[in-house]
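Numbering (this note's numbering), first residue to last: 426 to 924.
All C-beta atoms, glycine included, are put in the ideal place defined by N, C-alpha and C.
Written below as structure tokens is the structure these notes are about.
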Amino acid sequence: MAKKHFIFFILLIILLSCVRKSDTSSIPVRHAPVSFDLDSIISRGRLIAVSDYNSTNYFIYKGEPMGFHFELLKNFTEYLGIDLEIIKENDLENAFGLLNSGEADVIAIGLTVSSSRKKDILFTDPIFETRQVLIQRRPHNWRSMTMDMLDRKLVRNQLDLAGKTVYVQKLSSHAERLKTLAEEIGDSIRIIEVPFDSEDLIRNVAHGEIEYTVCDENIATVNSTYYPDIDVNTPISFPQNIAWGVRQNNSVKLLAELNSWLNTYRKTRSFALLYTKYFQNSRSSLIVRSDYYTSLTGKISKYDDLIKSASEKIGWDWRLLASLIYQESRFNPLVRSRAGAYGLMQIMPVTGKHFGIDITASPSNNVKAGVMYINWLRALFETKVSDPDERLKFVLASYNAGPGHILDAMRLAEKNGMDPEKWDGNVSYWLQKKSDPVYYRDADVKSGYFRGTESVNFVSEILERFEHYKNMIPEEEPIGLTAESGADLQLSNSLILNP
Numbered sequence: 426m427a428k429k430h431f432i433f434f435i436l437l438i439i440l441l442s443c444v445r446k447s448d449t450s451s452i453p454v455r456h457a458p459v460s461f462d463l464d465s466i467i468s469r470g471r472l473i474a475v476s477d478y479n480s481t482n483y484f485i486y487k488g489e490p491m492g493f494h495f496e497l498l499k500n501f502t503e504y505l506g507i508d509l510e511i512i513k514e515n516d517l518e519n520a521f522g523l524l525n526s527g528e529a530d531v532i533a534i535g536l537t538v539s540s541s542r543k544k545d546i547l548f549t550d551p552i553f554e555t556r557q558v559l560i561q562r563r564p565h566n567w568r569s570m571t572m573d574m575l576d577r578k579l580v581r582n583q584l585d586l587a588g589k590t591v592y593v594q595k596l597s598s599h600a601e602r603l604k605t606l607a608e609e610i611g612d613s614i615r616i617i618e619v620p621f622d623s624e625d626l627i628r629n630v631a632h633g634e635i636e637y638t639v640c641d642e643n644i645a646t647v648n649s650t651y652y653p654d655i656d657v658n659t660p661i662s663f664p665q666n667i668a669w670g671v672r673q674n675n676s677v678k679l680l681a682e683l684n685s686w687l688n689t690y691r692k693t694r695s696f697a698l699l700y701t702k703y704f705q706n707s708r709s710s711l712i713v714r715s716d717y718y719t720s721l722t723g724k725i726s727k728y729d730d731l732i733k734s735a736s737e738k739i740g741w742d743w744r745l746l747a748s749l750i751y752q753e754s755r756f757n758p759l760v761r762s763r764a765g766a767y768g769l770m771q772i773m774p775v776t777g778k779h780f781g782i783d784i785t786a787s788p789s790n791n792v793k794a795g796v797m798y799i800n801w802l803r804a805l806f807e808t809k810v811s812d813p814d815e816r817l818k819f820v821l822a823s824y825n826a827g828p829g830h831i832l833d834a835m836r837l838a839e840k841n842g843m844d845p846e847k848w849d850g851n852v853s854y855w856l857q858k859k860s861d862p863v864y865y866r867d868a869d870v871k872s873g874y875f876r877g878t879e880s881v882n883f884v885s886e887i888l889e890r891f892e893h894y895k896n897m898i899p900e901e902e903p904i905g906l907t908a909e910s911g912a913d914l915q916l917s918n919s920l921i922l923n924p
């Protein structure tokens, strides 16, 4: 049935392409040029990048955001001392539109550098180089063939592409290359541009839904470990440079900083290991076949159902609770900290005892105690922080530090002319000051010394990972607190402030 749907969709695309031919050399510009260079990005405090999700560039595995371009972006933003926001977009037309409209600062998709694209965007210096290769399916009995026999069954000479139909991603450099190749061989190649990315099309070849596609060799090689029946050994281009893209005219400083950083980083062992990790790693097939390759399965961990049920009781998005649990335990139900915190949600025994729950009895018990504690913290800050989004940060920080230290930081913020209801740059700043005797000995400080940097990072890392989870997992029906769930979470006011 899925194959029939795919064929119907392809026929529809072919019909539409007869009406309006796509110009692969034209990059859409949605709006008039915007002025937003490196200084503005640093002032904003984050870089906004467009990236595509697949098994090499950007994905989530066992709860952890991963990918070559993702890690490269993280390293760059850490170098700048700012945060990273990723817009997930596999449609190249939309990606270019997001860049040129000013909604994103950089395209980190791994673009092939071409003269036609240089008219519309600025490329960074090359990150690496690769060739374009033909993806085709081997005969069903290929394992019993000699190499010569197999080569005779497959397209090995580019001239043999004459008259063949090849599917490629819309607006990709692969369509450009095939058009040039058709000119070079003096014959026609039927090029069908579709709104699927390279890995989707490779999967279609492997499943027998299409005969041919083209993609970059490094991506093809990785995918050949998932699909042993595909062949990726016919090049159709010389080596080509792969780079990121920024806006024309108003990203000069950003481009200069990217190039300076890239040219230094590419010479490091860290870069070599990063490239090997994603493009030359035999474990790649195990990741993609895992139940916890989130892009395909929508699963984060084996405890997803438990987390979803628990999140309903506090009205949280389950992906947020999953991010907190990953931060605390990496989904290991048996982990115990040096301080004695235990289980998925790293609950202290005294906290579990307060709620009448044996936190070591089961993962379910541990999570139940965790959400009861979260609900207690929410009630504590309900009247202290009016904005719900800000309140969430205070709850998360308190989960890590204990609310006493957060209340201290709020008092210090107010005393020193800052906003006690704002986390970033206000209360978070004063929480970190609590390691300084000038401040932890202040008369308004009740809970004493504390190293606040860990808790500040705790909040930002959970919220950042939550955004990655939202990128990969569709939103579910919003859940609110019910009368029944409220009854389940009746809490006393006697819980100690720093459990």
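task: With distances taken Cα to Cα, identify the nearest neighbour of L472 among Y478, D462, N479.
output: Taking only the C-alpha atoms, the option nearest L472 is D462.
query: Counting along the chain, where does the beta strand (DSSP E) carrying T638 start and finish?
result: Per DSSP, T638 belongs to the beta strand (DSSP E) from 637–641.
task: Within its chain, find whatever has a CB closer than 6 Å to the CB of V475; leave out the 5 residues flanking it on each side and keep chain order.
output: Closer than 6 Å at Cβ, skipping near neighbours: I512, E514, A520, L523, A529, I532.
message: Whole angstroms are fine: how far does the CA of Y824 sit from the CA of L745?
response: If I take the Cα positions, the gap works out to 14 Å.
message: For a test of the three-state rule: what should DSSP assign to E496, helix, strand or coil?
response: Residue state, collapsed to three classes: helix.
- request: Could you say which of E624, S707, Y690, V671 lies nearest to E503 if we only look at CA atoms?
  value: Checking every option, the nearest Cα to that of E503 belongs to Y690.
- prompt: So I712 is in the alpha helix (DSSP H); what residue range does that whole segment cover?
  reply: Judged by DSSP secondary structure, I712 falls within the alpha helix (DSSP H) whose first and last residues are 709–714.
- prompt: Would a C-beta distance cut-off of 8 Å place I655 and Q561 closer than the cut-off?
  reply: With respect to the 8 Å criterion, I655 and Q561 are classified as neighbours on the basis of their beta carbons.
- prompt: Cα-Cα, which of P664, E846, W801, N684 is closest to D550?
  reply: If we check each option's Cα against that of D550, N684 comes out closest.
field: Range covered by the beta strand (DSSP E) that runs through V591
entry: Where V591 is concerned, the enclosing beta strand (DSSP E) stretches over 590–594.
- request: Could you tell me the boundaries of the alpha helix (DSSP H) in which Y894 lies?
  value: Y894 -> alpha helix (DSSP H) spans 878–897.
query: Hey, would you say F806 sits closer than 8 Å to V796, going by beta carbons?
result: Result no, Cβ atoms of F806 and V796 do not sit closer than 8 Å.
- request: Look at the alpha carbon of F696 and the alpha carbon of T481, and state the distance between them as a whole number of angstroms.
  value: One C-alpha to the other measures close to 15 Å.
query: How would you write the range of the beta strand (DSSP E) that W741 sits in, first residue to last?
result: For W741, no beta strand (DSSP E) segment is defined, and its DSSP state is neither H nor E.
query: Ends of the alpha helix (DSSP H) at W686?
result: In the DSSP annotation of this structure, the continuous segment of the alpha helix (DSSP H) that includes W686 starts and ends at 677–690.
- prompt: Less than 8 Å separating the beta-carbons of K604 and E518?
  reply: No, they are not a contact pair.
M491 to I732 span [Cα, whole Å]: Going from the Cα of M491 to the Cα of I732 covers about 22 Å.
- request: Would you tell me roughly how many angstroms separate the C-alpha atoms of A804 and S726, rounded to the nearest one?
  value: Between the alpha carbons of A804 and S726 lies a gap of roughly 29 Å.
Three-state secondary structure assigned by DSSP to G829: Looking at G829 - three-state DSSP - the assignment turns out to be helix.
task: Using alpha carbons as the reference points, say which of S860, D861, S710, K544 lies closest to T646.
output: Comparing alpha carbon positions, the residue from S860, D861, S710, K544 closest to T646 is S710.
query: How many angstroms separate the CA atom of T722 from the CA atom of E609?
result: Each residue's CA atom was taken as its position, placing T722 and E609 some 42 Å apart.
- request: Go ahead and pull the three-state DSSP assignment for V870.
  value: V870 falls in the coil class under three-state DSSP.
- request: Identify, in the order they occur along the chain, each residue of the same chain with its Cβ nearer than 7 Å to the Cβ of F780, setting aside the five sequence neighbours on each side.
  value: Contacts found: A794, M797.
- prompt: Where does K544 land, buried or exposed, given buried means 16+ other C-beta within 10 angstroms?
  reply: With fewer than 16 Cβ atoms within 10 Å of its Cβ, K544 is classed as exposed.
- prompt: Going straight from the alpha carbon of H830 to that of Q557, what length do you get?
  reply: For H830 and Q557, the distance between alpha carbons rounds to 56 Å.
CA nearest to the CA of F663, picked from K818, A834, T555: Comparing Cα positions, the closest option is T555.
query: In the DSSP assignment, what are the bridge partners of P862?
result: Partner(s): none; P862 has no beta bridge.
query: In whole angstroms, what separates the C-alpha of Q705 from that of E642?
result: Their Cα atoms are separated by approximately 12 Å.
task: Closer than 7 Å by C-beta to N479: which residues in its own chain qualify, once you throw out the five before and the five after it? Chain order, please.
output: Same-chain partners within the cutoff: D622, E624.
message: So for T693, helix, strand or coil by DSSP?
response: T693: coil per DSSP, three-state reduction.
message: Taking 6 Å as the limit between beta carbons, can you name the residues of its chain near K724, skipping five residues before and five after?
response: Here the set comprises D716, Y717.
- prompt: From E489 to K499, what does the alpha carbon distance come to, in whole angstroms?
  reply: It is roughly 13 Å from the alpha-carbon of E489 to the alpha-carbon of K499.
message: Taking the alpha-carbon of V593 as reference, which of R836, D516, Y864 has the nearest alpha-carbon?
response: V593 has its Cα closest to that of D516, out of R836, D516, Y864.
query: When DSSP labels each residue in this structure, what does L606 get in the three-state scheme?
result: It is helical.
query: If L769 and N791 are in contact, beta carbons under 8 Å, what's the gap, nearest whole angstrom?
result: In this structure, L769 and N791 form a Cβ contact; the two beta carbons are roughly 5 Å apart against a cut-off of 8 Å.
message: The alpha helix (DSSP H) that contains V775, what's its start and end?
response: DSSP places V775 in the uninterrupted alpha helix (DSSP H) bounded by 774–779.
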